[in-house]
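Asker: This note's numbering numbers the first residue of the sequence shown as 12 and each following residue consecutively.
All C-beta atoms, glycine included, are put in the ideal place defined by N, C-alpha and C.
Below: one structure in structure tokens.
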Amino acid sequence: GMHFKIGLYEHQSAGALEGLVNLLTKEPAIAKGGADGIQSMKIVAYEPAYGIIGDPAKKGPKTRQSADHSMAFIVSRMLQKAIKMGGVPASNQEAWKALMLSPQDYGKEALFDP
């Protein structure tokens, strides 16, 4: 299907974000369990996405501009949002709306939130 960008994120991360939304709607206990219940996360990306936003050197962004080009930051920020909400709506469409990244998700507090 066709993907339209609905939020602030580098478009190369769309597949990973869709995968996260699908996972959270199918396994709501992940968000309800909190960050301590997550041991690791593996994101598989195609080469252009990896080269643009997946490089391990981009894991610790210090600015909004570097954050929106960090696959690790973008996916973890959306996951943190779901955890803070205590879960996500059951439908993918409603989950996307609830988890959509906004300017606040790239602000100073977000950049330095452990």
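1) To the nearest angstrom, how far is it from the Cα of ILE85 to the Cα of GLN91?
2) Spatial neighbours of SER81 within its chain, please: C-beta separation below 7 Å, excluding the five flanking residues on both sides.
3) For the stretch 102-121 and the stretch 43-57, state whether three or more C-beta atom pairs, one from each stretch, are separated by less than 8 Å.
4) Let's see if you can read the secondary structure: which residues bound the alpha helix (DSSP H) around GLU29?
5) Thinking C-beta only, is ALA46 closer than 8 Å to MET96?
6) Pull up the distance between the alpha-carbon of GLU105 and that of GLY98, whole angstroms please.
Answerer: The answer reads as follows:
1) 10 Å
2) ILE64, LYS69, LYS70, PRO72
3) no
4) 25-37
5) no
6) 12 Å
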